[in-house]
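Here is the structure we will look at.
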Amino acid sequence: MARRGVGTWIREGVWEIPLRRYTALLVAAALVAGLVLGVRVLLHVDRSCGPGVARPEGSDECVGVATGPYDFGQSQLRDVVRAIGRENDRLAPGSYVTVAVMLPYTSTSATSLNDIRHQLQGAYLAQYQANHGSNGERPQIRLLLANPGATGAHWRGTAGQLTAMTAGADRLRAVVGIGQSTYANKQAVRELTRQGIPVIGSSITADDLANGQGGKDPYPGLARVAPTNTDEARALASFAKVGAGKALLVYDRPGDPYTRTLQQSFAALIKGSPYEPQPFTPPDDRSEEGTTANTFRQITHLVCDTSRETDTILFAGRHTQLRQFINALGGRGCQDRRFTLLTGDEASYLTHEKELDRGALRHNLSVRYTSLAHPDAWTKDPRPTGGSAADFAVLRQLLTDATREPTGPIGRAALDDGQLIIGYDAVRLAVHGIREAVPAGRTVPALTDVGLQWPQVKGSLRVNGASGWICLDVHGNPYDKAVPIVELTPEGGSRFVRIAWPEGKPPGRECLPPS
Amino acid sequence: MHRRLHGRGALLDVDPAGLAPRLVGLRPHQHRAHPYEHPDEPPFVMLTGARGLGKGAVLAELREAYRGHTPVALADCAEEQFRAPPADRPAASWSPLGQALLVIAEQLAEPVTGAGRITFPRLMSGLVAVAAGGWGDADSERIRREVERILLLNEGGSWVRGVAGRWAGKVAAKVVAAATGTGPLVSGAIEATLESVAEGFTSRRHQKASVWYRTYPNAGGNAQRGLILLSQHFRDGGGSREHAERYLVRALLADLTEAYAGVLPRMQRLGRPLVLLDNAQSAPGPGLVAAVLRDRAEGIADRVAFVAARRGEGREELPGAVRRELPEVARRCDWAPDTAPSSRALLLALPPLSPDDTLHIVGAVCRDTAVPPQLSHAVHRLTGGNPLGIVLLAESAAQALPGPAALGELLTAPLRAAEDGPAVPAYEALLDRLAPAEHLDELTVLAAAHDHGSACALAAALLPDTFGPASVRALQTLLAEEGLPAVPGRFVGDPFVRTLLLLRLHLRDADHGSWRTAHETLIAHYPGEEHARYRLHHELALGETEAAVGHLRDTFPTADPLAWLRTLRFVASAPYFHAHDAEGRDFTGRGDRRAAVALGGTDAEQAVPEGVDAVLHLRIRRLLHAVWLLADPLVLPDPQVCDRLRFELEQLSNLRPAGNALLWRASRDWPAAALAGRPMDGPGSATDADHGPDDRSGEA
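What follows is the structure in structure tokens.
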């Protein structure tokens, strides 16, 4: 037989014979399906990191809401993540509601990660206490980690995931954390609250990430554990008695919500100052070094050029820039003059900062800042109202238990940066709101009811937090929250100075914000 | 790609489809389905025709076209294997039909594109039963040999090499043991076979096959009993054997039907299986044909496409069959079966090839040789489109060229059929295949005869005494059966065969003794004046022209012009194989002087008899030679001679005012017909039977 072409073979050797035709069609269909599948698999590399967590297009960051014990690749979070996972697994389906801890878990900054770990540890301890040490109150609390990305850039996806979790078996009832008052975080909070999800800011201090500023409530359902920058500044002022002629303001330009509110608060304090406020411009990601060190060297000269009465520097900036400024001040010309640098709670990040020139603190420079919380607050400065050592002792006991099974281990914990305490208090506030919102005869509150509880958190319904009493005003902001003033020590670490109060004095026993 | 079969497009064409694709359901040489013309029951196609018309070639081409695409079997009934049983096999257990079924089934079993081997469990059981009838005194070795071949029919294709035959070997051992054991021989062998069929294959198909013989008449629902009866009937011979054989045919067809039944086979197999039977006029052909047709008439359907070929027209054997010429069925058959079994056959006469086909064949055979431009025309004129004649003459030309290209020389030139085969003259090679070999010598002599009487005279003169008038009649009947046309006035009707036979007679003796004797005998056989034309014809064959010229000259003024023209034509149709000497005598040298005479070149030296019109005499002489030359199938018509013929007839028409119209008509028709290669049967030749032998020898 003459040699035949492939076309002829397909036509006559396959197509004409029904059995072979159908077999070939099946095989071809299978091949095409396999090919399509293969191509899809090849083109779409697996972007998943863990349950609920994936890398978005164009990014290598694992973001999303981890529904399993996923540590976002951070080994220092592993222990606490496992502990949370164990606690979550223990819960019977239907008996719990979910609280998400939203923090930038994929941050590359060691300082930020320390804070994140501490906050998460506090959150876990609050969960543990809510599930084990509250006399069988319902519902139980499941804790999930929600990561909007190191800079919060992927907040939209994460917020979408969280919104989806409000329905179904997850029953998300609150988002806790948020962290820094960045633009992305503001957007995220706006979206979450727009969806009716109660949000509890743990370390947010910025004024514009709060309700009640200018009489508006842009974030319905947002509650905060930390005082606003304004309150902090007021507390600082009441502590330091800063006058217009005695202080120089150094501020971040253009700044973010945190630095701007701090700057505005400081500017109000020193209204009429003879010195022009000195701006600096850091990179967008303020945890990066950038070129601000040069600016700070120049500002150092200006500091020395001030008159002898000037002994206070007000710093409205983030911690990386603060560290650079302190290091620059360490090498200032006028070492003989004594200066006190006052700043907001960002300075707490420097407690364990290795790159900080601690020698600078020995040369007539003290760095005092408002801390969100401090372990020594109630032991060294006992007060009849606004907080108590007993409330703090509960946390200390939990922390001691958490060094071993069954509560722990939760990894290396530290209290002096206040993050653990504030994380603990934030979740406690969430649990309080959730449990107060449970209707009679039910175990699970409606989503919207939780946020409605915040104005009631006052008086005897206040939360006796480890950082002090948490009494919320009608906008969800803490009223006359204790503000520990802390000083960085040359040895590393921080030293409690004393508690300051935004109102100038502790709240009354009834702890009711004035209307 | 394929060596094309010329002039058979009506059968094998693809687009539009010829008969074969419509019959088989497959395009030839392709594995592509084609719609059936008769989806329910195809006609049993029987190709008819004389020898050399290419029936065998058509069947071979069909097999080639469908091999590997659908099961094809080609059995040539003239083969030696169907003539007599093998030396050690008793005739009681052997018949040509049984052998044919075995051979056909073996070929059909071959795997084809898309489907595996076909098994024949029913036929196998039947054949074993029949063979067992002859094992009365057989040794086990012979039984094993016989049975193993039959058992292989049930061997399905296996992809493990070597497994084929293992089953057969096992069963053969069992059958041999049973046959040589103490029990009843036939039933033992049959039992062993049936058991093996039922055991070895557990599929439903084989179970079905093993009980097929239950329905054998009087079997009482017992397959084994049925087979024993079959074996018995076969041994009984006569009508009983026919009955048994018919059952065997049915078994073969049932196996084939089974192979095509079911979902899977229908998705695997295209078209119908094709069974080709060559020389179906001889046993086992007629038996097989009759069995199939009878079953079909009785409603036992099969799905086989049969194409058989038989010599002759088959009128007696298949009286009710539809008859068609091949070109008529090119698009559709117009065939519908009737009640009679023979009406389920379609007799298909193969026509001669056209001049175009001749040109193509000559061109194909002589591909490497430059052939004279007129050769294919001459070949077609001589052979009348006989495919075998065309092919052999073309081969002769291919072997002889460059060299003499005249047809007479090509016919006598040595021709090697095979590369290293012995060379025989081309005309011998042709006769070997165009005439029945056993009667070739008799036919050679009788070819010169015109009717029974003249044939008897020739037989008496040249053939042995045993060959009497009865033998002459028998030979005449045989020729008719062979499909050679019966032409009044010609003992051998086919002009090509007749020319070859006469050439053979001419060359039988070195001195042309037989030739001379034959013609002299016939001259003596026709002494009377009323038979003058015969006498003159044979005298002319011997080279004597004077008497013919004289007769024509003398009768011209008085005879009926039509009769005169007919006499002229008949006389001039005498064969002319050799050059003639000056006296016109047969002579062994070369050269053909007829043209010279016809053109008047020899008029000057010609002595005109006294007392005759010299001009008329010479004109008649020229005319006779011209017609003689133009009617010669071995010589191409010379335009110059044609022109002269026209002129001479014109002149003659002037001399006979009464017959002017006829003569003038002939002066126009004859040259034109001669040039075109047509017979010069000019005015008034048709439907004039009472004039006795018509001369058609002028035809090409």
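Chains as they are written, first to last, in this note's numbering: chain A, 1 to 515; chain B, 1001 to 1700.
C-beta: ideal position from N, C-alpha, C; glycine also.
Looking only at DSSP bridge pairs, what is K216 of chain A linked to? Here residue 216 of chain A refers to the residue found at position 216 of the first sequence. According to DSSP, which records beta bridges pairwise, K216 of chain A is partnered with A:Q213.
Take the Cβ of T1070 of chain B as the centre, count every other Cβ of all protein chains shown within 10 Å, and call the residue buried at 16 or more, exposed below. In the second sequence, residue 1070 of chain B corresponds to position 70, counting from 1. Here T1070 of chain B is buried, its C-beta having at least 16 other C-beta atoms within 10 Å.
Does any residue of chain B bring its CB to less than 8 Å from the CB of G94 of chain A? Your numbering for residue 94 of chain A matches position 94 in the first sequence. With 8 Å as the cut-off, G94 of chain A does not count as an interface residue toward chain B.
So T1113 of chain B contacts chain A; which residues on that side make the cut at Cβ distance below 8 Å? If you number the second sequence from 1, residue 1113 of chain B lands on position 113. In chain order: E12, G13 and I17.
Kindly indicate which three-state DSSP category M1124 of chain B falls into: helix, strand or coil? By one-based count along the second sequence, residue 1124 of chain B stands at place 124. DSSP, read as helix, strand or coil, puts M1124 of chain B in helix.
Inter-residue spacing [alpha-carbon to alpha-carbon] between A1658 of chain B and L1446 of chain B: By 1-based counting over the second sequence, the position of residue 1658 of chain B is 658. By 1-based counting over the second sequence, the position of residue 1446 of chain B is 446. Note on geometry: alpha-carbon atoms of A1658 of chain B and L1446 of chain B lie some 40 Å from one another.
N- and C-terminal bounds of the alpha helix (DSSP H) containing I116 of chain A: Taking the first residue of the first sequence as 1, we reach residue 116 of chain A at position 116. Start and end: A110 to H132.
Supposed close pair A1397 of chain B, M1046 of chain B - CB separation, criterion 8 Å: Counted from its first residue, the second sequence places residue 1397 of chain B at position 397. Counted from its first residue, the second sequence places residue 1046 of chain B at position 46. No, A1397 of chain B and M1046 of chain B are not in contact; Cβ-Cβ is about 34 Å, not under 8 Å.
Look at the Cβ atom of Q419 of chain A, then the Cβ atom of S203 of chain A, and state whether they are nearer than 8 Å. Numbered from its first residue, the first sequence carries residue 419 of chain A at position 419. Numbered from its first residue, the first sequence carries residue 203 of chain A at position 203. In this structure, S203 of chain A lies closer than 8 Å to Q419 of chain A by Cβ.
Could you tell me whether the Cβ atoms of P1044 of chain B and V1289 of chain B are closer together than 8 Å? As a first step, residue 1044 of chain B must be located in the second sequence, where it is residue number 44. As a first step, residue 1289 of chain B must be located in the second sequence, where it is residue number 289. This sequence places Phe at residue 1044 of chain B; Pro is not what is there. V1289 of chain B is positioned such that its CB atom lies closer than 8 Å to that of F1044 of chain B.
The alpha helix (DSSP H) that contains V32 of chain A, what's its start and end? Here residue 32 of chain A refers to the residue found at position 32 of the first sequence. First-last of the alpha helix (DSSP H) with V32 of chain A: P18 to L43.
So with Cβ pairs under 8 Å, would you call L1005 of chain B a contact of chain A? As a first step, residue 1005 of chain B is located in the second sequence; it is residue number 5 there, counting from the start. L1005 of chain B is outside the set of residues whose beta carbon lies under 8 Å from a beta carbon in chain A.
Say whether chain A places a C-beta atom closer than 8 Å to the C-beta of M1267 of chain B. Mapped onto the second sequence, residue 1267 of chain B falls at position 267. Cβ-Cβ to chain A under 8 Å: yes for M1267 of chain B.
In whole angstroms, what is the alpha-carbon distance linking R11 of chain A and T23 of chain A? As a working note, residue 11 of chain A is residue 11 in the first sequence. As a working note, residue 23 of chain A is residue 23 in the first sequence. The alpha-carbon atoms of R11 of chain A and T23 of chain A are separated by roughly 14 Å.
Under 8 Å between C-beta atoms, does H1034 of chain B make it to chain A? As a working mapping, residue 1034 of chain B is identified with position 34 in the second sequence. No, because no Cβ of chain A sits closer than 8 Å to the Cβ of H1034 of chain B.
Are A281 of chain A and A206 of chain A touching if we call contact CB-CB under 8 Å? The residue labelled residue 281 of chain A in the question sits at position 281 within the first sequence. The residue labelled residue 206 of chain A in the question sits at position 206 within the first sequence. Note that residue 281 of chain A is Thr in the sequence shown here, rather than Ala. When the beta-carbon positions are compared, T281 of chain A and A206 of chain A stay at least 8 Å from each other.
What residue from B:G1220, B:D1603 and B:L1630 has the CA that sits closest to H1617 of chain B's CA? Mapped onto the second sequence, residue 1617 of chain B falls at position 617. Ranked by how close their Cα comes to the Cα of H1617 of chain B, the residues B:G1220, B:D1603 and B:L1630 have B:D1603 in first place.
Cα separation between T158 of chain A and Q456 of chain A? As a working note, residue 158 of chain A is residue 158 in the first sequence. As a working note, residue 456 of chain A is residue 456 in the first sequence. T158 of chain A and Q456 of chain A have their C-alpha atoms spaced approximately 29 Å apart.
Within 10 angstroms of the Cβ of P1609 of chain B, are there 16 or more other Cβ atoms? Answer buried if so, exposed if not. By one-based count along the second sequence, residue 1609 of chain B stands at place 609. Exposed.
Here's the rule: buried if 16 or more other CB atoms are within 10 angstroms of the residue's CB, otherwise exposed. What is H1452 of chain B? As a position in the second sequence, residue 1452 of chain B is number 452, starting the count at 1. Residue environment analysis places H1452 of chain B among the exposed positions, since fewer than 16 neighbouring C-beta atoms fall within 10 angstroms of its C-beta.
Taking just the CA atoms, how far does D1560 of chain B sit from R1668 of chain B? For the purposes of this step, residue 1668 of chain B is taken as residue 668 along the second sequence, with counting starting at 1. For the purposes of this step, residue 1560 of chain B is taken as residue 560 along the second sequence, with counting starting at 1. In a straight line, the C-alpha of R1668 of chain B is about 19 Å away from that of D1560 of chain B.
Looking only at its chain, what residues have a beta carbon closer than 6 Å to the beta carbon of A1283 of chain B, apart from the 5 residues adjacent to it on each side? Translated into the one-based positions of the second sequence, residue 1283 of chain B becomes position 283. The beta carbon of A1283 of chain B is closer than 6 Å to those of P1096 in its chain, skipping five residues each way along the sequence.
In angstroms with no decimal places, state the Cα-to-Cα distance between T1193 of chain B and G1114 of chain B. What you label residue 1193 of chain B is simply residue 193 of the second sequence in a count that begins at 1. What you label residue 1114 of chain B is simply residue 114 of the second sequence in a count that begins at 1. Put simply, the backbone Cα of T1193 of chain B is about 30 Å away from that of G1114 of chain B.
Report all residues from its chain with a CB closer than 6 Å to the CB of T182 of chain A; omit the five preceding and five following residues, and keep chain order. To locate residue 182 of chain A, count along the first sequence from 1; it is residue 182. Cβ within range, chain order: G152 and D256.
Please go through the same chain and pick out, in chain order, the residues whose beta-carbon is closer than 6 Å to the beta-carbon of A430 of chain A, but skip the five residues on each side of it. Within the first sequence, the letter at position 430 stands for residue 430 of chain A. Excluding residues within five positions, the ones whose Cβ falls inside 6 Å are V99, A174, V176 and I200.
Hey, does R156 of chain A have any beta-carbon neighbour from chain B nearer than 8 Å? Stepping through the first sequence from its first residue, residue 156 of chain A is reached at position 156. Output row for R156 of chain A: interface = no.
Just to confirm, is the Cβ distance from L172 of chain A to V101 of chain A under 8 Å? Taking the first sequence and counting its residues from 1, the one referred to as residue 172 of chain A is at position 172. Taking the first sequence and counting its residues from 1, the one referred to as residue 101 of chain A is at position 101. For L172 of chain A and V101 of chain A, no; Cβs fall outside 8 Å.
Pairs of beta-carbons, one from the stretch 343 to 352 of chain A and one from the stretch 267 to 283 of chain A, closer than 8 Å: are there three or more? Fewer than three pairs of CB atoms, one per stretch, sit closer than 8 Å, so the stretch 343 to 352 of chain A makes no contact with the stretch 267 to 283 of chain A.
Go through its chain and collect everything with a Cβ distance to D1295 of chain B's Cβ below 8 Å, but skip five positions before and after it. Here the question's residue 1295 of chain B lines up with position 295 in the second sequence. Sequence-distant partners of D1295 of chain B (beyond 5 residues in either direction) whose C-beta falls short of 8 Å from its own C-beta, in its chain, are R1246, V1249, R1250, L1253 and D1302.
Could you check what DSSP says for H1580 of chain B in three-state terms: helix, strand or coil? In the second sequence, residue 1580 of chain B corresponds to position 580, counting from 1. With a pLDDT of only 48 at H1580 of chain B, under 50, the local geometry of the prediction cannot be trusted, and no value is derived from it.
Tell me which residues share the same chain as R1225 of chain B and place their Cβ nearer than 6 Å to its Cβ, disregarding the 5 neighbours each side in the sequence. Stepping through the second sequence from its first residue, residue 1225 of chain B is reached at position 225. Once the five neighbours on either side are set aside, the close Cβ partners of R1225 of chain B are A1219.
Ignoring anything shorter than 4 residues, give me the alpha helix (DSSP H) runs that lie fully in the stretch 314 to 364 of chain A, in order along the chain. Entirely contained in the stretch 314 to 364 of chain A, the alpha helix (DSSP H) runs reaching 4 residues are, in chain order, 319 to 330.
Pairing CB atoms from the stretch 1078 to 1092 of chain B with CB atoms from the stretch 1466 to 1473 of chain B, are three or more of them under 8 Å? No contact exists between the stretch 1078 to 1092 of chain B and the stretch 1466 to 1473 of chain B.
Report buried or exposed for P198 of chain A, applying the criterion of at least 16 other Cβ atoms within 10 angstroms of its Cβ. Taking the first residue of the first sequence as 1, we reach residue 198 of chain A at position 198. Burial call: buried.
Throw me the rounded Cβ distance for the I499 of chain A and R383 of chain A pair, which I believe falls under 8 Å. Residue mapping note: residue 499 of chain A aligns to position 499 of the first sequence, counting from 1. Residue mapping note: residue 383 of chain A aligns to position 383 of the first sequence, counting from 1. Rounded, the Cβ-Cβ distance is 7 Å, consistent with contact.
Quick one, are the C-beta atoms of V65 of chain A and Q161 of chain A less than 8 Å apart? Residue mapping note: residue 65 of chain A aligns to position 65 of the first sequence, counting from 1. Residue mapping note: residue 161 of chain A aligns to position 161 of the first sequence, counting from 1. Yes, Cβ-Cβ distance for V65 of chain A and Q161 of chain A is below 8 Å.
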